[in-house]
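Visitor: In order, the protein sequence lines correspond to chains Y and B. With our numbering applied, the first sequence has no gaps in its numbers, which climb one by one up to 1509 at the end. With our numbering applied, the second sequence has no gaps in its numbers, which climb one by one up to 625 at the end. Can you read through this structure? Questions will come right after.
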Amino acid sequence: MSDTATFKIWRGNSDGGEFESYEIGISEGMVVLDAVIQIQAETAPDLACRWNCKAGKCGSCSAEINGMPCLMCMTRLNNLPLVRPVTIEPIKTFPLIKDLITDVSWNYRVKKRIKPFKPRPPDSPDGTWRVSQEDIDRVQEFRKCIECFLCQDVCHVLRNHQLHDEFIGPRQLVYIAALEMHPLDTEDRLEELKDAYGVGYCNITKCCTNVCPEEIKITDNAIIPLKERVVDEYYDPVAKLLRRFKRRSPD
Amino acid sequence: MAEYQTFEHDVLIIGAGGAGLRAAIEASASGCSVGLVCKSLLGKAHTVMAEGGIAAALANVDDRDNWRVHFSDTMRGGQYLNNWRMAEIHAREAPERVRELEAWGAVFDRTDDGRILQRNFGGHRYPRLAHVGDRTGLELIRTLQDFGIHQGIDVHMECTVTRLLKDGSRVCGAFAYDRERGRFRVFRAKAVVMATGGVGRAFKISSNSWEYTGDGHVLAYEVGAELIDMEFIQFHPTGMVWPPSVRGILVTEGVRGEGGILLNKDRRRFMFDNIPENYRDQTADNAEEGWRYTQGDKNARRPPELLTRDHTARCIVSEIKEGRGSPHGGVYLDIAWIREKLPNAEEHIRRKLPSMYHQFKQLADIDITREPMEVGPTTHYIMGGIHVDADTQMSTVAGLFASGECASGINGANRLGGNSLSDLLVLGRRAGEYAARFAREHGHGSLDEVEVEKSARRTLAPFERNGGTQGSGENPYAIQSDLQELMQDNVGIVRNEDEMERALEQIGRLKDRNEQVVATGNREFNPGWHTALDLPNLLTVSEAITRSALERKESRGAQFREDFPEQDPEFGKVNIVVQRGSEGEMKVRRLPIPEMPDELKAIIEEIG
């Protein structure tokens, strides 16, 4: 690895901006976030970026590095071609605030609209439940999500078509999958999934799965099963018939 | 006149990690309007870095466990400087708080019969930590967050409080700025809860993020609240040491709970060499017994790697000092060795420690299922903080409450792993409950416009010095880094009077330099400006740590003084208190610990 590297970082706000170049000394094991923090400390104290844990656990430092959406804290410099400048840009799906910071508040508003967890009555008189590990393995995969919103960033429904009002995006579908597949949950969210949450917009290109730093199989394990549930409920003629029959039966 | 927007809440909670969220949920449930301020986005607080688990005597794995054993373990771990009432409340109420978390949607790992699984951890006599692999903190904060957003709490994200506002002797609000635009906000509140976390950024090697600059400690101190036990900083024994850029990142104690062992460069298991007298009866004297303990053998005693964090950190430091460290100045932490014991060890490790596997693979090119990790102590937690009442969590200032890491009392001289997550649930809930009660019993105080104006001026000062041009004045990052170096070298794991006196003198100089600190650019999301505003807190808290450490002329728990290497029974009877004097000077005094009631004494005598 060479001793210095050049970083082209997007500087600007919603009125516009440009890439600025910074050359800094680098050391073994450095990640992109180290470089950004070093640039802040040495030459650009007002360079805006978010970070917290610096260990891939909080999901704050999402950015596009050489065009690739990733966490800055988990992107090693020695995995990047340092012969040319490393470009660092903000994620694109959300409105820019400044430099590497975008307004991700939409995600928080959307989540609030989703019907919360509603457990079945406790299994035992002391108010606790009995659940097998096998039954929660699937949900635990979804609950690994660190809300970095990289999946939202690459989802073409949001990024290219800006359908934020009609589609809640992969992150929130993972959240719903965690609720729907939670062994204790009794809530029904299928109608919203079909209508307000727009699960049908996803056409399974798996871009979200490819960028997930937690390696959650978003499309296969979360979105497709949710789509199937919606189809079973609303579009399966046999099930529809059975339901009608059930409704007519005296009990 | 400065421009600002005013918000009014019955209860204002500053900090949205586990303690702040739990307090907010409780205050809101009692019918109060609640404002929750967080320095970052919601759900990103340091709580996510708590990996190992939540300590609660559920007795799901070992039916010998109960609150009395948890209480006694906590007191022993804290070398009996703990507030015994707080330790009692914590041990009694923790199981209920964990079960409640499950009712709100948390998904803990399970026992074979479907109950919440519990794991071994340092200083806990029985397997006690409810956990989710090694990402328990994330599970906890996400559960509280997802539950909390439906409770009618107003969340103010990316907002930093720089001053508490008082009406006479009580707190009546706070002055803050929003990070996004740099605009001022004034919060009016009948009660305020501090839940701002720790001070880890005062040290160079730290597991803490940029946020942990002692804000809550200093905001409370500035309005007259007492801080206690500030000398006790927990250096977590196992932080990453290589490569340099990841130095300090936490490696969960869960690795040792699952059977991980500490080795020196000769691959010798050095933790057997030095077992403290008061833990000898509880500690295995051979490797085989230690392994059996980690696998759930109730007749085995725990391996020495699961001694308390203060002791383990010191053993590692002395191993390194004596030239038996690993190549990059740490020691080895080996979990891969369990392949000798378990047929499916690699899968087991990846399953129980997924984020450790991921972290080492990605940041250090180490496969922990095959190779040992290199680890060394990292600044992790402060036992000291705002002095609060055990039952109500109210500080010595009326209307000001505190919970979580920024409050003090439950941990004494050393915190047991896993007690932090349970602390913030149990005492966070109490802080919310009693702050709401205070709010119901008191109206809004009146706002002091002069104080607001002063706060605004102070906040803008870094822009106005030297015309705010680059190159003139002091760079906030440079001062911060000098302070971190200073504290690391002089007020770290091994302390003595000379070095600490020198540190105090240097802190004074850094304070002078801080008077010249400059922010460039404008008020929109400007980290240089934010760092400049965090600096006074970091400096004050560093002074409090140093002065308290000087006052405690003994070695106990997390404080090791090479000039006073023994425990002094006289210091076992007092907490060190720091308070702001009338001239703005820092006053230090000793506060006798109230005598423990007989029924609690009996528990300690019986359980040991």
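We put the CB at the ideal spot given by N, CA and C, even for glycine.
May I ask you to verify whether the stretch 296-311 of chain B touches the stretch 409-424 of chain B, counting CB pairs closer than 8 Å and requiring at least 3?
Guide: At 8 Å Cβ cutoff, the stretches do not touch.
Visitor: Alpha carbon to alpha carbon, how far is A237/B from V263/B? Give it in angstroms, no decimals.
Guide: About 32 Å.
Visitor: Going along chain Y, which residues have a C-beta under 7 Å from V149/B?
Guide: Neighbours of V149/B on chain Y, chain order: Q1398.
Visitor: Less than 8 Å between the C-beta atoms of P1303/Y and P544/B, yes or no?
Guide: Yes, the pair counts as a contact, with Cβ atoms nearer than the cut-off.
Visitor: Can you name the start and end residues of the beta strand (DSSP E) that A182/B belongs to?
Guide: The residue asked about is misnamed: residue 182/B is Leu in this sequence, not Ala. Element bounds for L182/B: 176-184.
Visitor: Nearest chain Y C-beta to M373/B closer than 8 Å, yes or no?
Guide: With 8 Å as the cut-off, M373/B does not count as an interface residue toward chain Y.
Visitor: Measuring only the C-alpha atoms, how far is L1431/Y from L1421/Y?
Guide: Near 15 Å, if we compare the C-alpha coordinates of L1421/Y and L1431/Y.
Visitor: On the three-state DSSP scale, how would you describe Y398/B?
Guide: Strand at Y398/B.
Visitor: Nearest to A242/B by alpha carbon, out of I624/B, V443/B, T325/B, M411/B?
Guide: Nearest option by C-alpha distance: M411/B.
Visitor: Expressed to the nearest angstrom, what Euclidean distance is found between the alpha-carbon atoms of G313/B and R142/B?
Guide: Whole-angstrom Cα-Cα distance: 12 Å.
Visitor: Using a Cβ-Cβ cut-off of 7 Å (strictly less than) and excluding sequence neighbours within five positions of I620/B, which residues of its own chain qualify?
Guide: Correct list, in chain order: R85, F88, S89.
Visitor: Measure how close the beta-carbons of G456/B and C49/B come, nearest whole angstrom, since I'm counting them as under 8 Å.
Guide: Reading the sequence as shown, one finds Ala at residue 456/B and not Gly. The pair is a contact, with the Cβ atoms about 5 Å apart (cut-off 8 Å).
Visitor: Return the chain-ordered list of same chain residues with a C-beta closer than 8 Å to the C-beta of I158/B, the five sequence neighbours on each side being excluded.
Guide: G34, G35, L38, G60, A62, T64, V65.
Visitor: So W1309/Y contacts chain B; which residues on that side make the cut at Cβ distance below 8 Å?
Guide: The contacting residues are S226, W227.
Visitor: Hey, how far is the Cα of G625/B from the Cα of P112/B?
Guide: Taking the straight line joining both Cα atoms gives about 22 Å.
Visitor: Does N77/B pass the burial test, meaning 16 or more other C-beta atoms within 10 Å, or should it be called exposed?
Guide: When all chains shown are included, N77/B counts as buried.
Visitor: Would you mind telling me which residues of chain Y sit closer than 8 Å to R132/B, beta carbon to beta carbon, in chain order?
Guide: What R132/B touches in chain Y: T1386, R1388.
Visitor: Where are the alpha helix (DSSP H) runs, 4 residues long or more, that stay fully inside the stretch 78-144 of chain B, in chain order?
Guide: Complete alpha helix (DSSP H) runs here, min 4: 84-94, 101-120.
Visitor: For the stretch 1431-1443 of chain Y, which residues have a CB atom closer than 9 Å to at least one CB atom of chain B, in sequence order?
Guide: Answer in chain order: Y1433, A1436, L1437, H1440, P1441, L1442, D1443.
Visitor: Pull out every residue of the stretch 38-69 of chain B whose Cβ sits closer than 9 Å to any Cβ of chain Y, in chain order.
Guide: Cβ contacts with chain Y: S57, L58, L59, G60, K61, A62, H63, V65, M66, E68.
Visitor: Are the beta-carbon atoms belonging to I403/B and A424/B less than 8 Å from one another?
Guide: Contact: yes.
Visitor: Cβ atoms of L279/B and E68/B: under 8 Å apart, would you say?
Guide: Not closer than 8 Å, so no.
Visitor: Select from the stretch 1286-1301 of chain Y all residues with a C-beta closer than 7 Å to any C-beta belonging to chain B, and list them in chain order.
Guide: Here the close residues are E1286, G1287, M1288, V1289, D1292, Q1298, A1299.
Visitor: List the DSSP bridge partners of I245/B.
Guide: According to DSSP, which records beta bridges pairwise, I245/B is partnered with G402/B, V594/B.
Visitor: Does the CB of E1405/Y have a neighbour CB from chain B at under 8 Å?
Guide: Interface residue, yes.
Visitor: How long is the line joining the alpha carbons of S186/B and A415/B, rounded to whole angstroms?
Guide: If I take the Cα positions, the gap works out to 7 Å.
Visitor: Based on Cα-Cα distance, which residue from R273/B, A191/B, V210/B, E579/B lies nearest to P144/B?
Guide: P144/B has its Cα closest to that of R273/B, out of R273/B, A191/B, V210/B, E579/B.
Visitor: Could you check if Y310/B is buried or exposed, using at least 16 other CB atoms within 10 Å of its CB as the buried criterion?
Guide: That one is buried.
Visitor: I'd like to know whether the C-beta of G485/B is nearer than 8 Å to at least one C-beta of chain Y.
Guide: Residue placement at G485/B is flagged as unreliable, the pLDDT there being 46, under the threshold of 50; the coordinate-derived value follows with that caveat. No, no contact with chain Y.
Visitor: Considering T23/B, what are the terminal residues of the beta strand (DSSP E) in which it resides?
Guide: Note, T23/B: beta strand (DSSP E), 21-31.
Visitor: Please list, in chain order, all residues of the same chain as E612/B whose beta carbon is under 6 Å from its beta carbon, the five residues on each side excluded.
Guide: Once the five neighbours on either side are set aside, E612/B has no close Cβ partner at all.
Visitor: Given N1324/Y, which residues of its chain have a CB within under 7 Å of its CB, disregarding the five upstream and five downstream residues?
Guide: Closer than 7 Å at the Cβ level, and outside the excluded window around N1324/Y, lie L1338, V1344, T1345.
Visitor: Quick check on DSSP: helix, strand or coil for Y1493/Y?
Guide: Here Y1493/Y sits in coil by DSSP.
Visitor: For Y1366/Y, return the contacting residues in chain B, with the cut-off set at a CB-CB distance below 7 Å.
Guide: The answer, in chain order, is L59.
Visitor: 8 Å is my cut-off, CB to CB: does V124/B come that close to chain Y?
Guide: By this cut-off, V124/B is an interface position.
Visitor: Any chance the stretch 199-215 of chain B sits against the stretch 226-233 of chain B, with 3 or more Cβ pairs inside 8 Å?
Guide: The stretch 199-215 of chain B is in contact with the stretch 226-233 of chain B.
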